[in-house]
Amino acid sequence: MSATYLTEIQRLPAERRFKLTWNDGFSAKLDYDYVRGYCPCAGCQGHSAGQVVFRQPPGPVTPATIEPVGNYAVSIVWSDGHSTGIYRFDFLREICPVSA
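Read in the working numbering, the sequence shown has 77 at position 77, and its numbers run on one by one without any break.
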């Protein structure tokens, strides 16, 4: 079975969202604050290996920069200065809401 990976991450500033597209054709739109709220870094989530939980950002945020991390993740620097989260492609897929 082949790995599922992110092929495109597009900023939609007017909507304050990202549009994410994966190699299997799946795509989703995620609000900037939603992605920031699920930051997987230890500073936001603690050092345990438990489930990642949503933590409301201190205010509305926008992505300042988005950089690839190897072939498995992206690093996002946010307008609030936060920059330590590494968002794995599989993690971004996991936090996508499922349509009914």
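We put the beta carbon where it would ideally sit given N, CA and C, even for glycine. Bear in mind the structure is a predicted one, so any value in this text is a computation, not a measurement.
- By the CB criterion at 8 Å, residue 83 and residue 74 fall outside the cutoff.
- For residue 14, the secondary structure class from DSSP, reduced to helix, strand or coil, is coil.
- Apart from sequence neighbours up to five positions away, the residues of its chain that approach residue 65 with a beta-carbon distance below 6 Å are 77, ordered along the chain.
- For residue 13, the closest alpha carbon among the candidates 93, 31 and 44 is that of 31.
- In this structure residue 58 is exposed. Its beta-carbon is surrounded by fewer than 16 other beta-carbon atoms within 10 angstroms.
- In the DSSP annotation of this structure, the continuous segment of the alpha helix (DSSP H) that includes residue 93 starts and ends at 89–94.
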